[in-house]
Structures are given as structure tokens and as C-alpha cells.
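**Student:** First, the structure itself, so that you have it in front of you.
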Amino acid sequence: MVTITLSHASAVPPYEQLRLGIIDQVRSGELAAGTKIPTVRALAAQLGLAPNTVARAYRELEADGVIETRGRHGSFIASSGDPTQDMAGRAATAYVATVRRLGLDDAAALRYVQAALKG
Numbered sequence: 420m421v422t423i424t425l426s427h428a429s430a431v432p433p434y435e436q437l438r439l440g441i442i443d444q445v446r447s448g449e450l451a452a453g454t455k456i457p458t459v460r461a462l463a464a465q466l467g468l469a470p471n472t473v474a475r476a477y478r479e480l481e482a483d484g485v486i487e488t489r490g491r492h493g494s495f496i497a498s499s500g501d502p503t504q505d506m507a508g509r510a511a512t513a514y515v516a517t518v519r520r521l522g523l524d525d526a527a528a529l530r531y532v533q534a535a536l537k538g
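Each number in my numbering comes from the position in the sequence shown (counting from 1) with 419 added on.
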């Protein structure tokens with residue numbers, strides 16, 4: 420069961436809070452591979468959100484490989500496991516390749532990462 424608490428006072432948009440909440444539940448094992456998740460309309464009603472907000476979160480989760488939609492059967496947690504770890508690893512590898520190609524040392528590369536994390 421998807422149990423997400425949204426903060427309407429947060430600067431993070433509701434669809435992003437929902438997306439991150441589902442990813443957190445997948446990582447923690449609360450939502451196991453193959454688990455059926457509520458329909459867009461059902462979850463929107465449960466959370467007090469517009470259906471388009473939930474639909475956007477679902478589209479992004481599907482694009483990231485976290486969920487899969489099986490037509491009229493509904494949406495499910497993907498059986499491929501947590502794709503975020505794989506995506507993060509590939510992004511890090513691509514970043515290192517770019518840094519090496521630019522001739523930057525490790526200290527400079529880390530400074531750029533730290534600056535990006537600070538926003």
C-alpha cells in the first residue's frame with residue numbers, strides 16, 4: 420500500500436514529493452517488486468491531489484523504470500529492482516569520463532559535485 424505524507428508548505432512540488440515518496444518506499448522494501456499501486460484517480464483522492472498531479476508522478480516513475488503500467492490491469496512496482504542505483508552509477512561514470520576528458524583533477528571534480536549538491 421502506498422502511504423505518502425505530502426507537505427503543502429514545502430517548496431517541493433506535490434508530484435515530486437509523491438515520486439520521491441514512492442522511490443523511498445521501493446528502496447526500503449515497503450513496496451516490493453510486483454506490488455500493485457493505486458490507480459491515478461484513487462491515489463489522487465486519497466492524497467487530496469488533482470489526478471494530473473498523480474499522473475505526472477506516475478509518468479516520471481515509469482520513465483525511470485520504477486513502475487510499469489500493464490494497460491487495464493494497472494500499475495505495478497517494476498520487477499527490475501531499484502533502478503535509481505543503476506541510473507546514479509551510470510551518471511557518475513559519465514561525469515568522471517567528462518571530467519577526465521576536460522583534464523580536471525579529482526579535487527576539482529569533487530568541488531563541482533559539492534557545488535551542484537548545494538544547489
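Glycine included, every Cβ here is placed at the ideal spot set by N, Cα and C.
1) Can you tell me whether DSSP reads T449 as helix, strand or coil?
2) Sorted by chain position, which residues of the same chain lie with C-beta nearer than 7 Å to A474's C-beta, five sequence neighbours on each side aside?
3) Roughly how many whole angstroms lie between the Cα atoms of E481 and R489?
4) Excluding five sequence neighbours on each side, which residues of the same chain lie with their C-beta closer than 7 Å to the C-beta of S498?
5) DSSP state of T488, grouped into three classes?
6) Taking the alpha helix (DSSP H) that A464 belongs to, which residues open and close that run?
7) When DSSP labels each residue in this structure, what does I423 get in the three-state scheme?
8) CB-CB under 8 Å to L450, same chain, minus the five flanking residues each way: which ones, in chain order?
**Tutor:** Answer, in terms of the structure:
1) Looking up residue 449 in the sequence shown gives position 30. At residue 449 the sequence reads Glu, which differs from the Thr that was named. Secondary structure of E449 (DSSP, three-state): coil.
2) Within the sequence shown, numbered from 1, the residue matching residue 474 stands at position 55. V459, listed in sequence order.
3) Residue 481 sits at position 62 when you count from the first residue of the sequence shown. Residue 489 sits at position 70 when you count from the first residue of the sequence shown. R489 has its alpha-carbon roughly 11 Å from the corresponding atom of E481.
4) Translated into positions along the sequence shown, residue 498 becomes position 79. Within the same chain, and ignoring the five residues on either side of S498 in sequence, the residues whose Cβ sits closer than 7 Å to its Cβ are A452, G453.
5) Counting from one through the sequence shown, the residue named residue 488 turns up at place 69. In this structure, T488 counts as strand in the three-state DSSP scheme.
6) Along the sequence shown, one-based indexing puts residue 464 at 45. Counting along the chain, the alpha helix (DSSP H) containing A464 begins and ends at 459-466.
7) The sequence position of residue 423 within the sequence shown is 4, counting from 1. It is coil, neither helix nor strand.
8) Counted from its first residue, the sequence shown places residue 450 at position 31. Closer than 8 Å at Cβ, skipping near neighbours: V421, I441, Q444, I456, I496.
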